[in-house]
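Scroll down for the structure; my scribbles are underneath it.
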Amino acid sequence: MSFLQQYVESILALQESSCRLNQDHRQIPLVIMTSNDIDKSTQDLLRDHNNFEMIDGQVVFLKMEKVTCLDDNDARLAKDLHNSYRIQTKPHGHGDVHSHLKSSGPLDKWCDSALKWVLFFQDTNGLFFKAIPASLGVSFEKQTMIINVEYNQLDPLLRATGYTDNDSYIEKLNKIEGVILEFVNPKYKDSSKTSFNSSTRLECMMQDYPKMLSLSARVRFTVMVTRLAYAHVMNNPEDAAKEVEVWPRIVWEPKWALTFTDVKEKVHGHCSISQRSTLVIKGHNVANEDLTLDGALIISSAEGTEDTKVMTVIGKVQNKGFILEKVDKSETPYIARIRGFRIKGVMKKEVIYSKPENFHFES
């Protein structure tokens, strides 16, 4: 599963839950901002997978422009790595999303549809949607804006003066023409800070929008426990800081559970999963009761059974499970290489249900 598929399925799960609670059929629109480097491949990925079940028109694409790169502290122009007669360019940054939203029309359409919240997120954190329901809940209860903060800017923000009043997002974009403050963030080769590791450029960040607000605006940030909502993939294997402890691999589709409350409603009794185990849940109405797992268990629903009553898995499952194999960087496909391992299925137990029933595993 790609991150894009996970994000789309998470949005559809939120949409389904919202429609069920409000007894309507309102769609959650998805806007994806790309650059020339990834625009075609991203659209091809969605098209090849039928938008991962989003309907036509639900996904809108915006594309940021590129800007000239700088090669050193004296701001000399950087040459293209493959053609010395061309100037090197890079995307201007995801802060352009605000100006594109203003100029391309989605905001007015959303406003006319009485939508109240716009959620901005970046595409390098697989656990992001585990935090979304809680963040939206805080925003709803406190009636303030929730933003993410760049890693190197939290301390200055905490030291800054607070805000007291509120600005409408659309009204503010009209005032600033959607333009977000630019900055330069060079990556130096060493502590002397005389040579860049790679060329830099003027860029802007989506989350810098609050810096454009007036002193009377209300801005709030939300902090969550790292392990609950943060598993980024920004580092390549060579630059990664350290090896991590491998926990049990417990994976479920977004439609199985959106919130911690959803999980508690579907896990009962005394359940135990060993550290080497893998549990995959691909159905909606699946419950685990007094489940002891030491190995690999995959629970799936047959096609057309999503509205059936709850199927409960009970008992003990033990097998050889899955093994994480270290990969050879010189021979492995890029996707496995950046992950650092491949999964080898030695032995597993798979349950495919088509009706409400209890699956009892004997000890």
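Residue 1 is where the sequence shown starts when you use UniProt numbering, and the numbers rise one by one after that.
A virtual CB, placed ideally from N, CA and C, is assigned to each residue, including glycine.
Every value quoted in this text rests on a predicted model; they were computed, and no experiment measured them.
One thing to note: Ser272 has its Cβ no nearer than 8 Å to the Cβ of Phe129. Within the DSSP bridge table, the entry for Phe322 names Gly345 as partners. If you draw a straight line from the Cα of Ser198 to the Cα of Met224, it is about 33 Å long.
The alpha-carbon of Val346 is positioned some 15 Å away from that of Val280.
By the 16-neighbour rule on beta-carbons within 10 angstroms, Gly105 is exposed. Counted as a single uninterrupted DSSP element, the alpha helix (DSSP H) harbouring Ala131 occupies residues 128-142.
Ala231 sits in coil when the DSSP states are folded into three classes, being neither helix nor strand. Taking 8 Å as the cut-off, the beta carbon of Glu253 is found closer than this to the beta carbon of Lys282.
Ala287 carries a strand assignment under DSSP once its states are collapsed to helix, strand and coil. Counting C-beta atoms within 10 angstroms of its own C-beta, Tyr188 has fewer than 16 neighbours from the protein chains shown and is therefore classed as exposed.
According to DSSP, residue pairing for Tyr353 in a beta bridge involves Ser301. Of the candidates Phe61, Lys63, Ile28, the residue whose Cα lies closest to the Cα of Met54 is Ile28.
Ile87 sits in a strand when the DSSP states are folded into three classes. Comparing alpha-carbon positions, the option among Glu362, Glu203, Leu14 lying closest to Ile132 turns out to be Leu14. The region 287-301 makes contact with the region 315-332; the number of CB pairs closer than 8 Å reaches 3 or more.
In this structure, Ser168 is the residue among Ser168, Asp71, Leu77, Asp72 with its C-alpha nearest to the C-alpha of Trp117. Asp37 carries a coil assignment under DSSP once its states are collapsed to helix, strand and coil. Here Gln23 is exposed, its C-beta having fewer than 16 other C-beta atoms within 10 Å.
Annotation for Arg86: Lys79, Asp80 place their beta carbon closer than 8 Å to its own, counting only its chain and skipping 5 residues before and after. Between Phe322 and Lys349, the CB-CB gap reaches or exceeds 8 Å. Taken atom to atom, the span from the alpha-carbon of Thr200 to that of Leu173 is near 27 Å.
Scanning Leu21, Val67, Met1 for the CA closest to the CA of Leu202 turns up Val67. Nearest C-alpha to Ala287 among Glu303, Lys90, Asn185, Ala257: Ala257.
Setting aside the 5 residues that flank it on each side, Gln6 is surrounded in the same chain by Gly126, Phe129, Pro254, each with a C-beta closer than 8 Å to its C-beta; the list follows chain order. Straight-line spacing of the CA atoms in Leu228 and Arg249 works out to 14 Å.
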